[in-house]
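Asker: Pasting in a structure now, in structure tokens, and then I'll have a few things to ask.
There are 2 protein chains.
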Amino acid sequence: MRGAHEDGRHAAARTGPPEAREPAPRSAAGRGGGVTSRDVARAAGVSQAAVSLVLGDKWRGRVSAAKADAVRAAARELDYRPNAAARTLRTGGTRTALLVVPALTNEFFAGVHAGAARAAAAHDFGVVLYPSPEGIGPARDPFAAAHTAVDGVIASSMATDAVRALRAGGLPLVMLDSDPADAGAVATVNADVADGMRQVARHLLELGHRRITHLAAAIDSWTFTARGRALADALIAVPGARLRTEPAELSVAGGLAAAQRALAGPAAARPTALVCDDDLLAAGALKAVRRLGLRVPYDVSVTGFDDLALATAVEPELTTVRLPAGTVGAAGMTALLDAVAGRGAESTTVPARLTVRTSTAPAPDAQRR
Amino acid sequence: MRGAHEDGRHAAARTGPPEAREPAPRSAAGRGGGVTSRDVARAAGVSQAAVSLVLGDKWRGRVSAAKADAVRAAARELDYRPNAAARTLRTGGTRTALLVVPALTNEFFAGVHAGAARAAAAHDFGVVLYPSPEGIGPARDPFAAAHTAVDGVIASSMATDAVRALRAGGLPLVMLDSDPADAGAVATVNADVADGMRQVARHLLELGHRRITHLAAAIDSWTFTARGRALADALIAVPGARLRTEPAELSVAGGLAAAQRALAGPAAARPTALVCDDDLLAAGALKAVRRLGLRVPYDVSVTGFDDLALATAVEPELTTVRLPAGTVGAAGMTALLDAVAGRGAESTTVPARLTVRTSTAPAPDAQRR
DNA sequence: ACGCTGAAGTGTTACGTATAACGTCGTAGG
DNA sequence: CCTACGACGTTATACGTAACACTTCAGCGT
Chain A
0 MRGAHEDGRH
10 AAARTGPPEA
20 REPAPRSAAG
30 RGGGVTSRDV
40 ARAAGVSQAA
50 VSLVLGDKWR
60 GRVSAAKADA
70 VRAAARELDY
80 RPNAAARTLR
90 TGGTRTALLV
100 VPALTNEFFA
110 GVHAGAARAA
120 AAHDFGVVLY
130 PSPEGIGPAR
140 DPFAAAHTAV
150 DGVIASSMAT
160 DAVRALRAGG
170 LPLVMLDSDP
180 ADAGAVATVN
190 ADVADGMRQV
200 ARHLLELGHR
210 RITHLAAAID
220 SWTFTARGRA
230 LADALIAVPG
240 ARLRTEPAEL
250 SVAGGLAAAQ
260 RALAGPAAAR
270 PTALVCDDDL
280 LAAGALKAVR
290 RLGLRVPYDV
300 SVTGFDDLAL
310 ATAVEPELTT
320 VRLPAGTVGA
330 AGMTALLDAV
340 AGRGAESTTV
350 PARLTVRTST
360 APAPDAQRR
Chain B
0 MRGAHEDGRH
10 AAARTGPPEA
20 REPAPRSAAG
30 RGGGVTSRDV
40 ARAAGVSQAA
50 VSLVLGDKWR
60 GRVSAAKADA
70 VRAAARELDY
80 RPNAAARTLR
90 TGGTRTALLV
100 VPALTNEFFA
110 GVHAGAARAA
120 AAHDFGVVLY
130 PSPEGIGPAR
140 DPFAAAHTAV
150 DGVIASSMAT
160 DAVRALRAGG
170 LPLVMLDSDP
180 ADAGAVATVN
190 ADVADGMRQV
200 ARHLLELGHR
210 RITHLAAAID
220 SWTFTARGRA
230 LADALIAVPG
240 ARLRTEPAEL
250 SVAGGLAAAQ
260 RALAGPAAAR
270 PTALVCDDDL
280 LAAGALKAVR
290 RLGLRVPYDV
300 SVTGFDDLAL
310 ATAVEPELTT
320 VRLPAGTVGA
330 AGMTALLDAV
340 AGRGAESTTV
350 PARLTVRTST
360 APAPDAQRR
């Protein structure tokens, strides 16, 4: 059966020397991982096209059920793995998404990655992850190859320059932690940080706090701006409430320094609550309070944001806003997959909830209520 | 000289003004990222093969310097990006390494990733990262595609079942945190945890501690075994020294529980130092000590391991062993790249150093010295 | 008997790159 | 004057897959 067509096939195209005809398939036993769809076809007694149809699940009405079974059996038998490069070359699609975050050592972004990877895997997609371009240096553009290596991009707005480099790419782009009104992205996925901050404000107000200082991360990013505005909005209408803002470098040491500045001065003017943009800042604030000989939460209440592992490691444990990082990552990936598939992607806001622990207590000077 | 074989097509260009550009043969302006080496060839007036040679830096003696410059100029002009899939299909090499770690939310592994990615980027390699298979479920094998998608693998021994799936792959494999005598890997890269633990032991002994309890991570992994053995070896020969071991689930809560068990009983028999396999355990131990009404470090000293961000966030700050995660990742990647290139890869042990902070102090019962 | 339809397949092609194989044209060596 | 040879290029091909364009054949209504 085989070879019937081969004799005539090359007759015209062949100008070369009387080379010996290919005696051995040379394919099956060649390399370890080198079994191709043609090998499967040979084993199942069908054409390579049929293998592609069957394994691509597009065989209904094109291949008989019997042969389809034979193909699947042969594929399993030979442990056939489709060659990703060939498939990509043919279809133009890599089943891969690019995730761009500022740093994985930030636990929040590690969680985002985990959620995104899980959502991607459910659709047989992979995730590749580019570290901060700062870490790599400007000499090499890590995004040069993105167009050909990836079907779409999820990017945190905190990786600013990377995002700029990506804009021109023409790839579907989902933005994280970014202004929903931002153009250029097919969708935006945010944790509802504004609502989270409102819950913090309500919690502290109910505990009688009126002199509040906001330890604000000194990063020009939409999330932090939104947190600050939400806090201000929640306090502006409350009679007797006073909000101050203290910028802080985003680290434990930065929180310590900022809190020390915030707590300086006479006791009567001292804030009774420190609202921090991040759990790291809150951990620093805890230290500052203790170094002044004061106690959390009896003298000063402290709140965090994000609910990292840190929040329950410090003492007292932090009242903080839990941001579901995994959900954010998963929602971002879902939106991206929709966009890649041509369906409209929709922006999402995932809820954030205040988790009350032991770093907050009634304000020491609260008379009424 | 140019176009000798296709004069008919370009007839218009003979008299045309320099402005009369070829109106894009459907390729250049077609899709966003769709400029191929053939487009560059056309623009530079050479064959596609010449483009490949020049850009692959294999043109010496095959292409004139003038044409090579023209090719490079055209490539830059058109913003040509080689198609990774086509290149892979042709050469069989993806310039990509797979990193397998148990969880990125573990700060140590996030650091490993950062180091590996940096080292890879220096050689124009990318890193793809597979999350723990547990998170994905057994239905889908995330490693099925590895053979065709990746040139080599770096795996932490803590991702046990993943490693088993990879063994059969025939891909170069570098093991992290694994027994150096382990077969099957082309190289092993470890932090010198044994030496780190010896430094902990020496530090505590010099402070006069003799009753020591080891909070041991309840994970069957080479690193933790090595830590435990190193500690035991360092104490065995010291007269009067007593080592107990308390298994602990690897989390803050696990450390808390284990430390409470360790500290139960009469004060005279209580350990004066708790040596923890990990900073999370140490954070939990800190809490346990405080809940018993004791103080760190005056009543009980506590040491950690890894030097995570947590170590300086808690109070008191942890005396701990700093493991250079980034260096481990970079060394692993370097070894893997050597192996992929056919050069022999060498195993490495990167030094670990004790960082003394404020969670350790002289033993309360130390009479002499 | 005729054309039509749908099932069941196969042959062929194109994706973009790297490279082997093949030419051409001067020029140096005999 | 012939031959080798090196510089300079080009053509053709293969990598493995998916999909298009056909072909064959049976069933079926008219």
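Heads up: the protein sequence lines correspond to chains A and B, in order.
Quick note: the first sequence uses numbering that gives the first Met the number 0, first residue 0, plus one each step.
Quick note: the second sequence uses numbering that gives the first Met the number 0, first residue 0, plus one each step.
Even glycine gets a Cβ: it sits at the ideal position worked out from N, Cα and C.
Keep in mind the model is a prediction, meaning the values are calculated, not measured.
On a CA-only basis, which of B/Val301, B/Thr95, B/Arg71 and B/Ala64 is nearest B/Ala120? Give me that one, please.
Answerer: Residue numbering aside, residue 120 of chain B sits at position 121 when the second sequence is read from its first letter. Considering only alpha carbons, the answer is B/Thr95.
Asker: Whole angstroms is fine: what's the gap from A/Thr347's alpha carbon to B/Gly33's?
Answerer: Locating residue 347 of chain A in the first sequence gives position 348, counting from the first residue. Locating residue 33 of chain B in the second sequence gives position 34, counting from the first residue. Their backbone Cα atoms lie some 32 Å apart in a straight line.
Asker: Write down the C-beta distance between B/Glu76 and B/Ala42 rounded to the nearest angstrom, noting that I regard them as a contact closer than 8 Å.
Answerer: Position 77 of the second sequence, counted from the first residue, corresponds to residue 76 of chain B. Position 43 of the second sequence, counted from the first residue, corresponds to residue 42 of chain B. So it is a contact: roughly 7 Å between Cβ atoms.
Asker: Expressed to the nearest angstrom, what Euclidean distance is found between the alpha-carbon atoms of A/Gly92 and A/Val188?
Answerer: Here the question's residue 92 of chain A lines up with position 93 in the first sequence. Here the question's residue 188 of chain A lines up with position 189 in the first sequence. A/Gly92 and A/Val188: Cα-Cα distance of roughly 24 Å.
Asker: Rounded to whole angstroms, what is the Cα-Cα separation between A/His4 and A/Val70?
Answerer: Stepping through the first sequence from its first residue, residue 4 of chain A is reached at position 5. Stepping through the first sequence from its first residue, residue 70 of chain A is reached at position 71. Because the pLDDT at A/His4 is just 37, under 50, the model does not fix this residue reliably, and the point stays unresolved.
Asker: Nearest to A/Cys275 by CA position, among A/Pro246, A/Ala351 and A/Leu103, is which residue?
Answerer: Your numbering for residue 275 of chain A matches position 276 in the first sequence. Ranking the options by Cα distance to A/Cys275, first place goes to A/Pro246.
Asker: Count the other CB atoms within 10 Å of the CB of B/Glu106; is the residue buried (16 or more) or exposed (fewer)?
Answerer: Counting from one through the second sequence, the residue named residue 106 of chain B turns up at place 107. It is buried - the Cβ of B/Glu106 has at least 16 other Cβ atoms within 10 Å.
Asker: Might you give, ordered along the chain, the residues of its own chain that have their beta carbon closer than 6 Å to the beta carbon of B/Arg243, omitting 5 neighbours on each side?
Answerer: Counting from one through the second sequence, the residue named residue 243 of chain B turns up at place 244. The answer, listed in chain order, is Thr212.
Asker: Does the region 350–363 of chain B come close enough to the region 292–308 of chain B to have 3 or more Cβ pairs within less than 8 Å?
Answerer: Flag = yes, the region 350–363 of chain B and the region 292–308 of chain B touch.
Asker: Could you list which residues in chain A have their beta carbon closer than 7 Å to that of B/Ala372, in chain order?
Answerer: The question about residue 372 of chain B has no answer here: the residues shown for chain B are numbered 0 through 368.
Asker: Mark A/Asp232 as exposed unless 16 or more other C-beta atoms lie within 10 angstroms of its C-beta, in which case mark it buried.
Answerer: Here residue 232 of chain A refers to the residue found at position 233 when the first sequence is read from its first residue. A/Asp232 should be labelled exposed.
Asker: Counting along the chain, where does the beta strand (DSSP E) carrying A/Glu248 start and finish?
Answerer: Position 249 of the first sequence, counted from the start, is the residue given in the question as residue 248 of chain A. Note, A/Glu248: premise wrong, no beta strand (DSSP E); not H, not E.
Asker: Could you tell me if A/Gly151 is buried or exposed, where buried requires 16 or more neighbouring beta carbons within 10 angstroms of its beta carbon?
Answerer: Looking up residue 151 of chain A in the first sequence gives position 152. Label assigned to A/Gly151: buried.
Asker: Do you know offhand how far B/Gly31's Cα is from A/Val99's?
Answerer: As a working note, residue 31 of chain B is residue 32 in the second sequence. As a working note, residue 99 of chain A is residue 100 in the first sequence. Here B/Gly31 scores only 45 on pLDDT, less than 50, and its place in the model is too uncertain to base an answer on.
Asker: Looking at B/Val295 and B/Pro323, is the spacing between their C-beta atoms short of 8 Å?
Answerer: Walking along the second sequence from the start, residue 323 of chain B turns up at place 324. Walking along the second sequence from the start, residue 295 of chain B turns up at place 296. Cβ distance not < 8 Å, so B/Pro323 and B/Val295 don't count as in contact.
Asker: Let me see if you follow: with CB-CB separation under 8 Å, is A/Ser358 close to chain B or not?
Answerer: For this step, residue 358 of chain A is matched to residue 359 along the first sequence. No - not a single Cβ of chain B is within 8 Å of the one on A/Ser358.
Asker: Looking only at C-alpha atoms, which of A/Ala225, A/Arg209, A/Ile218 and A/Thr319 sits nearest to A/Leu234?
Answerer: Against the first sequence, residue 234 of chain A aligns to sequence position 235. Among A/Ala225, A/Arg209, A/Ile218 and A/Thr319, the Cα nearest to that of A/Leu234 is on A/Arg209.
Asker: What residue does the alpha helix (DSSP H) around B/Ser346 start on, and which one ends it?
Answerer: Along the second sequence, read from residue 1 onward, the residue named residue 346 of chain B stands at position 347. Careful: B/Ser346 lies outside any alpha helix (DSSP H) and carries neither H nor E.
Asker: Buried or exposed: which applies to A/Asp38, given that a residue is buried once 16 or more other Cβ atoms fall within 10 Å of its Cβ?
Answerer: As a first step, residue 38 of chain A is located in the first sequence; it is residue number 39 there, counting from the start. Flag for A/Asp38 reads buried.
Asker: Are the C-beta of A/Thr35 and some C-beta of chain B separated by less than 8 Å?
Answerer: Your numbering for residue 35 of chain A matches position 36 in the first sequence. So no, A/Thr35 is outside the interface.
Asker: So, is the C-beta of A/His112 closer than 8 Å to a C-beta in chain B?
Answerer: As a working mapping, residue 112 of chain A is identified with position 113 in the first sequence. So, interface residue.
Asker: Scan the region 295–317 of chain B for residues whose Cβ lies nearer than 8 Å to a Cβ of chain A and list them as they occur along the chain.
Answerer: Answer in chain order: Ala308, Leu309, Thr311, Ala312, Val313 and Glu314.
Asker: In the structure shown, what three-state DSSP assignment does A/Val355 receive?
Answerer: Your numbering for residue 355 of chain A matches position 356 in the first sequence. If DSSP states are grouped into helix, strand and coil, A/Val355 belongs with coil.
Asker: Would you kindly report the start and end of the unbroken alpha helix (DSSP H) that includes B/Ala233?
Answerer: Numbered from its first residue, the second sequence carries residue 233 of chain B at position 234. From DSSP, the alpha helix (DSSP H) with B/Ala233 extends over Trp221 to Ile235.
Asker: For A/Lys57, is the classification buried or exposed, using 16 other Cβ atoms within 10 angstroms of its Cβ as the cut-off for buried?
Answerer: Within the first sequence, the letter at position 58 stands for residue 57 of chain A. A/Lys57 is exposed by the Cβ-count criterion.
Asker: Spell out whether any CB of chain A is found under 8 Å from the CB atom of B/Lys66.
Answerer: Reading the second sequence from its first residue, position 67 is the one you call residue 66 of chain B. For B/Lys66, the answer is no, since every Cβ of chain A falls outside 8 Å of its Cβ.
Asker: For B/Glu300, which residues does DSSP report across the bridge?
Answerer: Residue 300 of chain B sits at position 301 when you count from the first residue of the second sequence. Here the sequence assigns Ser to residue 300 of chain B, which means Glu is not the residue at that position. Beta-bridge pairing links B/Ser300 to B/Ala272.
Asker: For a quick check, are the C-beta atoms of B/Ala229 and B/Leu280 less than 8 Å apart?
Answerer: Position 230 of the second sequence, counted from the start, is the residue given in the question as residue 229 of chain B. Position 281 of the second sequence, counted from the start, is the residue given in the question as residue 280 of chain B. It is not a contact, given that the beta carbons lie outside the stated cut-off.
Asker: Work out the CA separation of A/Ala148 and B/Ala83 for me, nearest whole Å.
Answerer: The residue labelled residue 83 of chain B in the question sits at position 84 within the second sequence. The residue labelled residue 148 of chain A in the question sits at position 149 within the first sequence. Answer to the nearest angstrom: the Cα atoms are 6 Å apart.
Asker: On the criterion of 16 or more Cβ atoms from any shown chain inside 10 Å, does A/His146 qualify as buried, or is it exposed?
Answerer: Position 147 of the first sequence, counted from the start, is the residue given in the question as residue 146 of chain A. Counting Cβ neighbours within 10 Å, A/His146 comes out buried, since at least 16 surround it.
Asker: Confirm, please, whether the CB-CB distance from A/Arg226 to A/Gly304 is below 8 Å.
Answerer: Mapped onto the first sequence, residue 304 of chain A falls at position 305. Mapped onto the first sequence, residue 226 of chain A falls at position 227. Going by the sequence as given, residue 304 of chain A is Phe instead of Gly. Yes, they are a contact pair.
Asker: Counting only beta-carbon separations shorter than 8 Å, does B/Leu128 have a partner in chain A?
Answerer: For the purposes of this step, residue 128 of chain B is taken as the residue at position 129 of the second sequence. It does; some Cβ of chain A falls within 8 Å.
Asker: To which residues does DSSP link B/Thr95 through a beta bridge?
Answerer: For the purposes of this step, residue 95 of chain B is taken as residue 96 along the second sequence, with counting starting at 1. Answer is B/Gly125.
Asker: Quick one: what's got a C-beta closer than 6 Å to B/Ala64's C-beta in the same chain, skipping five residues either side?
Answerer: Numbered from 1 along the second sequence, position 65 holds the residue referred to as residue 64 of chain B. Once the five neighbours on either side are set aside, B/Ala64 has no close Cβ partner at all.
Asker: Can you grab the Cα-Cα spacing for the pair A/Glu205 / B/Glu314, in whole Å?
Answerer: Along the first sequence, one-based indexing puts residue 205 of chain A at 206. Along the second sequence, one-based indexing puts residue 314 of chain B at 315. Near 29 Å, if we compare the C-alpha coordinates of B/Glu314 and A/Glu205.
Asker: So, with DSSP's three-state summary, where would you put B/Gly331?
Answerer: Taking the second sequence and counting its residues from 1, the one referred to as residue 331 of chain B is at position 332. It is helical.
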